[in-house]
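Student:
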Amino acid sequence: MASAPKPSPVFGSPAPSSSAPSSSAPSSTVDVCVIGSGIGGLSAALLLSRLHNLTTSVHEAHYLPGGCCHSYRRGRFTFESGPTVMLGGNNPLFEVLERTGVEAPMIHYADWNVATPNSTWAFPLGRDKFQAGPLLAHGGPLAVSEFAALRAATAPLLAAAGAIPAMAMRADSKALLPLLLRHPRSLLRLLRLPAAGTGPFKPYLPPVTSPFLRWWLDALAFSLSGLPASRTPAAALAAVLGELHEEGATLAYPEGGMGALVDAMVEGVRGAGSSVRLGSEVEEVLVERGRAVGVRLKGGEVVRARRGVVCNAPVWNLPKLIPGDARGSVEGLDEFLGKLENVSMTRSYHHLHLALNTTGLDLPLLPAHTTYFDTWGDPTAEQNMCAVSNPCALDPGIAPAGTAVVHAYLCANEDYAEWEGMEAGEAYERKKRERGEVLWRAVQSVIPDARERVIREEFGSPLTHERFLRRPGGTYGAEAEDLLANGATPVEGLVLAGDGIFPGIGIPAVALTGAAAANAFVGVREQLKKY
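Reading the sequence shown from the start, the letters are residues 1 to 531 in UniProt numbering.
1. Mind checking whether L366 and A393 have CB atoms under 9 Å apart?
2. Please give the ranges of any alpha helix (DSSP H) in the region 339–414, keeping only runs that are unbroken, at least 4 residues long and fully inside the region.
3. Within the same chain, show all residues whose beta-carbon is closer than 6 Å to that of E466, passing over the 5 residues directly before and after it, in chain order.
4. Considering G40, what are the terminal residues of the alpha helix (DSSP H) in which it resides?
5. Between which two residues does the beta strand (DSSP E) carrying L297 extend?
6. Using only the alpha-carbon positions, how far apart do H369 and Y109 sit?
7. For the candidate residues A249, G133, R327, V293, whose alpha-carbon lies nearest to that of G338?
8. Measuring alpha carbon to alpha carbon, tell me which of V405, G514, W419 ends up nearest F76.
9. With a 10 Å radius around its C-beta and 16 neighbouring C-beta atoms as the bar for buried, classify R296 as buried or exposed.
10. Please name the residue in G360, D499, A104 whose C-alpha comes closest to that of V266.
11. Determine, using beta carbons only, whether E341 and P323 come nearer to each other than 9 Å.
12. Helix, strand or coil: how does DSSP classify A305 here?
13. For A229, count neighbouring Cβ atoms within 10 angstroms of its own Cβ and tell me buried if that reaches 16, exposed if not.
14. Under three-state DSSP, which class holds G260?
15. Please report how far the alpha carbon of S348 lies from the alpha carbon of R99, in whole angstroms.
16. Classify L188: buried if its beta carbon has 16 or more other beta carbons within 10 angstroms, exposed otherwise.
17. Is L224 near V208, with beta carbons less than 9 Å apart?
18. In terms of DSSP beta bridges, what is Y476 paired with?
19. Residues in the same chain with beta-carbon distance under 6 Å from V522, minus the five sequence neighbours each way, listed in chain order, please.
20. Going straight from the alpha carbon of L158 to that of H183, what length do you get?
21. Give the secondary structure of P14 by DSSP, where H, G and I count as helix, E and B as strand, and everything else as coil.
22. Taking the alpha-carbon positions, what's the I447 to N357 distance?
23. For the 8 Å Cβ check, are there 3 or more pairs between the region 204–218 and the region 63–79?
24. Could you check the C-alpha separation between S329 and G290 for me, to the nearest Å?
25. Less than 7 Å between C-beta atoms, sequence neighbours within five positions excluded: which residues of the same chain meet that for S22?
26. Do Q444 and R451 have their C-beta atoms closer together than 9 Å?
27. Measure the beta-carbon distance from R231 to P254 and round it to whole angstroms, keeping in mind my assumption that it falls under 8 Å.
28. DSSP beta-bridge partners for Y253?
29. Can you give the Cα-Cα distance for L181 and R307, rounded to whole angstroms?
30. So the candidates are R304, L97, L64; which of them puts its Cα closest to the Cα of P508?
31. In whole angstroms, what separates the C-alpha of F195 from that of I501?
32. Give the range of the beta strand (DSSP E) segment to which D31 is assigned.
33. On the three-state DSSP scale, how would you describe Y72?
34. Measuring CB atoms only, is the region 371–383 touching the region 474–490, in the sense that at least three cross pairs come out at less than 8 Å?
35. So, S389 versus V58, is the Cβ gap smaller than 9 Å?
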């Protein structure tokens, strides 16, 4: 999350110019430009370049790829900036990797740890295991029966949405056509559901009177969306409630860490003859006669695009990239951009990155992932729920021998207003440590003597998150009620991907938006040939 010695800013193409704009600024032409190298942007670029054989140029303002999923080095250690756990089954990202022939081996595991003020328990994946274990123990028979009713209520949505692969999606006016041709029954089922399954979970939520089950549903939903269960995207929460409790369910972690996954995706784009350019900041989407025809980079370089532009930048940033003269010339564009500027944001992050001495620790016996609650109160409350990732329990080779890296973070429950306007200095460093005490308590729930084992300690505040990920307010993402239904825009050839588009936040969700964005640049017949 913080700065490090900068590697070469280029993967597979010349470095961007740093000179002022001029008539002599270099230019080039590709089929599609992609703004941002988050999982959504890289998914789109992989499909465009490897599946559809279109030359693609990905432009990332940061000097590291991956967006919220990037990793960075400090001396001997590699730290992860964002997500640390994924569903191991029906995941659109795996679909993208498989379709494009990109190898990113996964380590699968079947439980995670939950730590509360007065109990610690393992959440077991698989059929009936949660119901017969933690749910019965902490919620009793009432919670078990209400959970069964909940799963029954979400079954129609899960059956309909789960039968539609990511490769069937597209972000344009023809979005329904592949579904009509290839998945008509699933589409009909979806259209019969509230808001076709694209709204929040509230209509699918039967009365829940068990305090423990209400608490758990909000906690699970909050980990997905930064929102309570009633306001979490219905499709996302239904998928998790379904998949976690199926026979053979697993979680997944990439061999070598999340950074290895991102590197595999970057090299996959590069290997297809396309480029991922780092330190390549886009200042403007070029719009001519109502169509996106490329981008202008900081420094003046122009990259023209025969087919158009995918924008994987946070939705709040798009209005700054559209020139003023385009707003009046494209019907509905001004209103659309105004809507993006007013999309509601979830709260921000606070991170603790640690390198620890592991002498005397049996790493494989420690939980790889722990969800820690500082109080038994509202799981969505400020600074209550923390995630603790201990990936060396799965893949010891991630860190040097005798050490481990640990990432603890407050996700969507750190208030940006606590930090706004602060500058680097003693007061800022003191505040990071003060606000980070809850993170230390979370780490010590897993490794009690962790403070005595510290080799390296580093905090990342909401300001860090905002600076390096270019997310206003350091936000986790858009609130579910304001998610765009798909990535289509009023500008022909300009398509959006990322967590501001349904189904919202999370690696599977943004990979799906990337697939939909890529498919919008080819005909429906060509799309159907590829899956």
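We put the CB at the ideal spot given by N, CA and C, even for glycine.
Tutor: To lay it out plainly:
1. Within the sequence shown, the letter at position 366 stands for residue 366. Within the sequence shown, the letter at position 393 stands for residue 393. Against a cut-off of 9 Å, the Cβ pair of A393 and L366 comes out as a contact.
2. none
3. In the sequence shown, the residue the question calls residue 466 occupies position 466. Answer for E466: G474, listed in chain order.
4. Position 40 of the sequence shown holds residue 40. Per DSSP, G40 belongs to the alpha helix (DSSP H) from 39–46.
5. To locate residue 297, count along the sequence shown from 1; it is residue 297. From DSSP, the beta strand (DSSP E) with L297 extends over 291–297.
6. For the purposes of this step, residue 369 is identified with residue 369 of the sequence shown, where counting begins at 1. For the purposes of this step, residue 109 is identified with residue 109 of the sequence shown, where counting begins at 1. Those two C-alpha atoms are separated by around 10 Å.
7. Within the sequence shown, numbered from 1, the residue matching residue 338 stands at position 338. For G338, the nearest C-alpha among the options comes from R327.
8. Walking along the sequence shown from the start, residue 76 turns up at place 76. One point to set straight first is that residue 76 is Arg, not Phe, in the sequence displayed. Closest by alpha carbon: V405.
9. Walking along the sequence shown from the start, residue 296 turns up at place 296. The residue in question, R296, is buried, as its Cβ has 16 or more Cβ neighbours within 10 Å.
10. Position 266 of the sequence shown, counting from 1, holds the residue named residue 266. The alpha carbon of V266 has as its nearest neighbour, out of G360, D499, A104, the alpha carbon of A104.
11. Along the sequence shown, read from residue 1 onward, the residue named residue 341 stands at position 341. Along the sequence shown, read from residue 1 onward, the residue named residue 323 stands at position 323. For E341 and P323, no; Cβs fall outside 9 Å.
12. Here residue 305 corresponds to residue number 305 of the sequence shown, with the count starting at 1. In the three-state DSSP reduction, A305 falls in the strand class (E or B).
13. Within the sequence shown, residue 229 is the residue found at index 229, counting from 1. The residue is buried, with at least 16 neighbouring Cβ atoms inside 10 Å.
14. Along the sequence shown, one-based indexing puts residue 260 at 260. With the sequence shown as reference, residue 260 is identified as Ala, and Gly is not the correct amino acid for it. Under the three-state reduction of DSSP output, A260 falls in the helix class.
15. Here residue 348 corresponds to residue number 348 of the sequence shown, with the count starting at 1. Here residue 99 corresponds to residue number 99 of the sequence shown, with the count starting at 1. Rounded to the nearest angstrom, the two C-alpha atoms are 34 Å apart.
16. By one-based count along the sequence shown, residue 188 stands at place 188. Its Cβ having fewer than 16 others within 10 Å, L188 is exposed.
17. Here residue 224 refers to the residue found at position 224 when the sequence shown is read from its first residue. Here residue 208 refers to the residue found at position 208 when the sequence shown is read from its first residue. Between L224 and V208, the C-beta spacing is not below 9 Å.
18. Working through the sequence shown from its first residue, we reach residue 476 at position 476. DSSP output for Y476 lists no bridge partner at all.
19. Here residue 522 refers to the residue found at position 522 of the sequence shown. Closer than 6 Å at the Cβ level, and outside the excluded window around V522, lie H52.
20. Here residue 158 refers to the residue found at position 158 of the sequence shown. Here residue 183 refers to the residue found at position 183 of the sequence shown. It is roughly 15 Å from the alpha-carbon of L158 to the alpha-carbon of H183.
21. Position 14 of the sequence shown holds residue 14. At P14 the pLDDT is 30, less than 50, meaning the model places this residue with poor confidence; the figure from the coordinates comes in the next sentence. Three-state result, P14: coil.
22. Position 447 of the sequence shown, counted from the start, is the residue given in the question as residue 447. Position 357 of the sequence shown, counted from the start, is the residue given in the question as residue 357. When rounded, the distance between both Cα atoms is 11 Å.
23. no
24. Position 329 of the sequence shown, counted from the first residue, corresponds to residue 329. Position 290 of the sequence shown, counted from the first residue, corresponds to residue 290. S329 and G290: Cα-Cα distance of roughly 7 Å.
25. Working through the sequence shown from its first residue, we reach residue 22 at position 22. Its pLDDT being 43, under 50, S22 is placed unreliably by the model, and nothing is read from it.
26. For the purposes of this step, residue 444 is taken as the residue at position 444 of the sequence shown. For the purposes of this step, residue 451 is taken as the residue at position 451 of the sequence shown. Taking 9 Å as the Cβ cut-off, Q444 and R451 qualify as a contacting pair.
27. As a first step, residue 231 is located in the sequence shown; it is residue number 231 there, counting from the start. As a first step, residue 254 is located in the sequence shown; it is residue number 254 there, counting from the start. About 30 Å separates the two Cβ atoms, so there is no contact after all.
28. Within the sequence shown, numbered from 1, the residue matching residue 253 stands at position 253. Y253 pairs with I107.
29. Position 181 of the sequence shown, counting from 1, holds the residue named residue 181. Position 307 of the sequence shown, counting from 1, holds the residue named residue 307. Cα-Cα distance, rounded: 25 Å.
30. Locating residue 508 in the sequence shown gives position 508, where the first residue counts as 1. Checked all of R304, L97, L64; the closest Cα to P508 is L97.
31. Position 195 of the sequence shown, counted from the first residue, corresponds to residue 195. Position 501 of the sequence shown, counted from the first residue, corresponds to residue 501. Per the sequence shown, residue 195 should be read as Ala rather than Phe. Cα-Cα distance, rounded: 15 Å.
32. Counted from its first residue, the sequence shown places residue 31 at position 31. First-last of the beta strand (DSSP E) with D31: 27–35.
33. Residue 72 sits at position 72 when you count from the first residue of the sequence shown. Of the three classes helix, strand and coil, the one that applies to Y72 here is strand, per DSSP.
34. no
35. Taking the first residue of the sequence shown as 1, we reach residue 389 at position 389. Taking the first residue of the sequence shown as 1, we reach residue 58 at position 58. No, the Cβ-Cβ distance between S389 and V58 is not below 9 Å.
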